[in-house]
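Enquirer: Take a look at this one; I'll ask things after.
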Amino acid sequence: MKVLMKGNEAIGEAAIRAGCDAYFGYPITPQTEVLEYMSRRMPKLGRAFVQAESELGAINMVYGAACTGTRVMTTTSSPGYSLMQEAVSYIALSFVPCVIVNIMRGGPGLGNIQPAQGDYFQMTKGGGHGDYHLLVLAPATVQEMVDLIVEAFDLADKYRQPVTVIADGLIGQIMEPVAFPELKAPQRPERPWALTGAKGREKNIITSLYLGAERLEQENIRLQATIRQIEENEVRYTEYMMEGAELVVVAYGTAGRIVQTAVKQAREEGIAVGLFRPISMFPFPYARLKEIASTAQQILVVELSAGQMIEDVRLASCDQLPISFFGKMGGVVPLPDDVLAEIKKLVK
Amino acid sequence: MTQEAELVFSRPESLSDVVTHYCPGCIHGIVHRLIAEVMDELGIRERTIGIAPVGCSVLAYNYFECDFAEAAHGRAPAMATGMKRVEPDLTIFTYQGDGDLASIGTNEVIHAAARGENITTIFINNAVYGMTGGQMAPTTLPGMVTTSSPYGRDVKTQGYPVRVCELLSQLDGAAYIVRRTAYKPAEVRKLRRAIKTAFQVQMAGLGFSLVEVVSNCPTNWGMTPKESLKFVEERMVDYYPLGDFRVKDEVKDLR
């Protein structure tokens, strides 16, 4: 059964359905409804909810809860995610699972609260200090958000890594019909690494500190091996009207939605254009995009930023075909007509 | 061994049998042992999680036989909050120095106390950043020479020390806030009792508990261990008076 629900509230409900046992957050627009939703729902279910003193507090509470092997989530928006970077780096090398949602807003700095995709580099290229990448999933609809949040918990458990989901204020605030999976009780499968009290076993230590260079190198090799596995197994994308597309538009999340409408209109006008929408921003779908680049005549990248994902598109295609960019910054959201005009400029 | 021989002193089960990295004369070793003794006495080693800070005691997890996590600098009380909220039956303690707790981590400790989190913090105050080589700490005494206050801490430009117990004792969520020291055996015994009470406060679910230990740093103070204990007794305790700063009525009932 489908219910009409706001994106941010759907994030909360999806996490609850996935068995999220603890939520820690801090108010920041445009994601605050997740915090409010969890403050209503979690205590009623006997699960943990804390409104933290800051995003630093929230992510370190996530870190602590994650050390016990339970399912835990925080949600934030761009400046809040910047504050969290210290702990995210610690969590990555500590090999503990958690889910982090970034409902991006206009930046840099305090920016504004309008939809934007300016955090792509921070999300996909590491974000904090040290060598790491996190799995990054980017939905374009509320239903896809729900499905990816549920999956994010499984992926976090599978790789013992933070899994991030990115969207923007548009998907956070929009209301759409959405179906949820069955409610899952929080479960603690056997996790021999978790901190649960050293009863009948050697003590467990969770740390990201390794003073010896060789030892730290070994942990880095282990982390990189996990990231290689993620790259191998977790590439996700979707294609729309790609049959015989001479112009391929690459866009994700909200930009992907807008482009889809523009592509439909362009096709109706007889233009051979299609949409390639990456869903896993890390791992980026390099291989599929490389194939596409070998048959298409040109690529247009559309982002709500100055152009960040375009660097990965160029890497995938090895610059073997013309690649143009259409983007809006500062929370300005283009209309499908704006994208259509751009498409027409390129194919004329 | 004769029939009358009785074992009266041994290593606590909760204390690991390893060589420590602490400098000779440092009080960290005493406090570690007391925590381990209390864990043994309360029978909680197998259901305790410790959280180590960043600072000299960054490797504390190597010295206790219970589960342990290593926090980012100053964030241990937030991490402890996350653990305790999902594992309320476990005993969670943080072990933090003055740079970690009273400078970079003030926000986390104040709000953990304000929320009345059922966690215990052991706070080692030796008025100096030890691990990085003796820089001025938030608790460095006025006039005290450190590597970053080479002319002595000038309160006009470098501000005044932070008295953590006095600050936290204003918060209603705090159940047990006391300051002790360890420069002589009588003080060590008082400190042991306070650590035990702090853990009992947590086990009884009464709220946030913190034991500050006015401590020493012979290495970075440029003193012999004995001189450093004299400095604790004469100068440190003068600025950081020992005593109970907040003890909720329910805590008194515990004893």
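For the protein sequence lines, the chains are A and B, in the order given. Convert by adding 704 to the 1-based position in the first sequence; the result is the number in this note's numbering. Convert by adding 22 to the 1-based position in the second sequence; the result is the number in this note's numbering. Beta carbons are placed, not taken as given, at the ideal position from N, Cα and C, and that holds for glycine.
Distance check for A:Glu995 and A:Pro1026, CA to CA, integer angstroms please.
Expert: Roughly 15 Å between the two C-alpha positions.
Enquirer: Which residue's Cα is closest to the Cα of B:Cys45: B:Tyr261, B:Ser250 and B:Cys239?
Expert: Comparing Cα positions, the closest option is B:Cys239.
Enquirer: Buried or exposed for A:Cys771, going by 16 or more other Cβ atoms inside 10 Å?
Expert: Label assigned to A:Cys771: buried.
Enquirer: Taking 9 Å as the cut-off, decide whether the C-beta atoms of B:Leu112 and B:Arg67 are in contact.
Expert: No.
Enquirer: Hey, which unbroken runs of the beta strand (DSSP E) at 3 residues or more fall wholly within the segment 859 to 910 of chain A?
Expert: Entirely contained in the segment 859 to 910 of chain A, the beta strand (DSSP E) runs reaching 3 residues are, in chain order, 866 to 872 and 879 to 882.
Enquirer: What residue range does the beta strand (DSSP E) around A:Ala726 cover?
Expert: Ala726 to Gly729 is the extent of the beta strand (DSSP E) around A:Ala726.
Enquirer: Alpha carbon to alpha carbon, what distance is there between A:Ala820 and A:Leu841?
Expert: Each residue's alpha carbon lies about 16 Å from the other.
Enquirer: Using the beta-carbon of each residue, which ones in chain B are nearer than 8 Å to A:Asp725?
Expert: Val108, listed in chain order.
Enquirer: Mind checking who A:Gln1002 pairs with in its DSSP beta bridge?
Expert: Per DSSP, A:Leu951.
Enquirer: Taking all protein chains shown into account, do 16 or more other C-beta atoms lie within 10 angstroms of the C-beta of A:Cys1022, making it buried, or fewer, making it exposed?
Expert: Under this definition A:Cys1022 is an exposed residue.
Enquirer: Can you tell me which of A:Gln826, A:Tyr767, A:Ile875 and A:Pro843 puts its alpha carbon nearest to the alpha carbon of A:Ala860?
Expert: Measuring from the Cα of A:Ala860, the nearest candidate turns out to be A:Tyr767.
Enquirer: Cβ of B:Ile73 less than 9 Å from any chain A Cβ?
Expert: Yes, because at least one Cβ of chain A sits closer than 9 Å to the Cβ of B:Ile73.
Enquirer: Report buried or exposed for B:Gly127, applying the criterion of at least 16 other Cβ atoms within 10 angstroms of its Cβ.
Expert: Buried is the call here.
Enquirer: My output table needs one value for A:Pro989: the three-state DSSP class, helix, strand or coil.
Expert: DSSP places A:Pro989 in coil when its eight states are reduced to three.
Enquirer: Do A:Val738 and A:Thr779 count as a contact pair if the criterion is CB distance below 9 Å?
Expert: Against a cut-off of 9 Å, the Cβ pair of A:Val738 and A:Thr779 comes out as a contact.
Enquirer: In the DSSP assignment, what are the bridge partners of B:Gly72?
Expert: Paired residues: B:Phe90 and B:Phe115.
Enquirer: With respect to the beta strand (DSSP E) encompassing A:Tyr944, which residues constitute its N-terminal and C-terminal limits?
Expert: Element bounds for A:Tyr944: Tyr941 to Tyr944.
Enquirer: Measure the Cβ-Cβ separation of A:Phe1029 and A:Met827 and say whether it is below 9 Å.
Expert: No; because the gap between Cβ atoms is not below 9 Å, this pair is not in contact.
Enquirer: Answer yes or no: do A:Glu757 and B:Ala124 have a C-beta to C-beta separation smaller than 9 Å?
Expert: Not in contact: A:Glu757 and B:Ala124 (Cβ atoms no closer than 9 Å).
Enquirer: Please classify B:Ser250 as buried or exposed, where buried requires at least 16 other C-beta atoms within 10 Å of its C-beta.
Expert: By the 10 Å Cβ count, B:Ser250 comes out buried.
Enquirer: DSSP three-state label for B:Asp260, please.
Expert: Here B:Asp260 sits in helix by DSSP.
Enquirer: Is there a Cβ of chain B sitting closer than 9 Å to that of A:Tyr794, yes or no?
Expert: Answer yes: the Cβ-Cβ gap between A:Tyr794 and chain B drops below 9 Å somewhere.
Enquirer: Tell me which residues of the segment 936 to 963 of chain A have at least one Cβ-Cβ distance to chain B shorter than 9 Å, keeping chain order.
Expert: Residues: none.
Enquirer: If you follow the alpha helix (DSSP H) that A:Met765 is part of, which residue opens it and which one closes it?
Expert: Unbroken alpha helix (DSSP H) run through A:Met765: Glu759 to Cys771.
Enquirer: Between the segment 869 to 887 of chain A and the segment 37 to 55 of chain B, do at least 3 Cβ pairs fall closer than 8 Å?
Expert: Contact fails: fewer than three Cβ-Cβ distances are below 8 Å.
Enquirer: Which class does B:Gln157 belong to by DSSP, given the choice of helix, strand or coil?
Expert: Note: B:Gln157 maps to strand in three-state DSSP.
Enquirer: Give me the chain A residues within the contact set of B:Ala102, using Cβ-Cβ distance strictly less than 8 Å, ordered along the chain.
Expert: Those within 8 Å of B:Ala102 in chain A are Gly768.
Enquirer: Should B:Pro263 go down as buried or exposed, given a rule of 16 or more other Cβ atoms within 10 Å for buried?
Expert: With fewer than 16 other Cβ atoms within 10 Å, it is exposed.
Enquirer: If the cut is a Cβ gap below 9 Å, which residues of chain A does B:Ala124 touch?
Expert: Within 9 Å Cβ-Cβ: nothing; B:Ala124 doesn't reach chain A, min ~16 Å.
Enquirer: Taking A:Leu760 as the query, report the chain B residues whose CB atoms sit under 9 Å from its CB, ordered along the chain.
Expert: The contacting residues are Ala94, Gly96, Arg97, Ala100, Asn129 and Glu130.
Enquirer: Does the beta-carbon distance from B:Asp62 to B:Gly96 come in below 9 Å?
Expert: No, these two residues do not count as a Cβ contact at 9 Å.
Enquirer: Which of helix, strand or coil does DSSP assign to B:Ala220?
Expert: Looking at B:Ala220 - three-state DSSP - the assignment turns out to be helix.
Enquirer: Does A:Gln1053 pass the burial test, meaning 16 or more other C-beta atoms within 10 Å, or should it be called exposed?
Expert: Outside the shown range of chain A (705 to 1052) lies residue 1053 of chain A, about which nothing can therefore be said.
Enquirer: With B:Gly138 and B:Phe230 assumed to form a contact (beta carbons below 8 Å), what rounded beta-carbon distance in angstroms separates them?
Expert: Going by Cβ atoms, the distance from B:Gly138 to B:Phe230 rounds to 6 Å, so yes, they are a contact pair.
Enquirer: Please list, in chain order, the chain A residues whose beta carbon lies closer than 7 Å to that of B:Tyr83.
Expert: Neighbours of B:Tyr83 on chain A, chain order: Ile909 and Thr911.
Enquirer: Which residue comes first and which comes last in the alpha helix (DSSP H) that contains A:Leu1039?
Expert: First-last for A:Leu1039: undefined, no H or E at that position.
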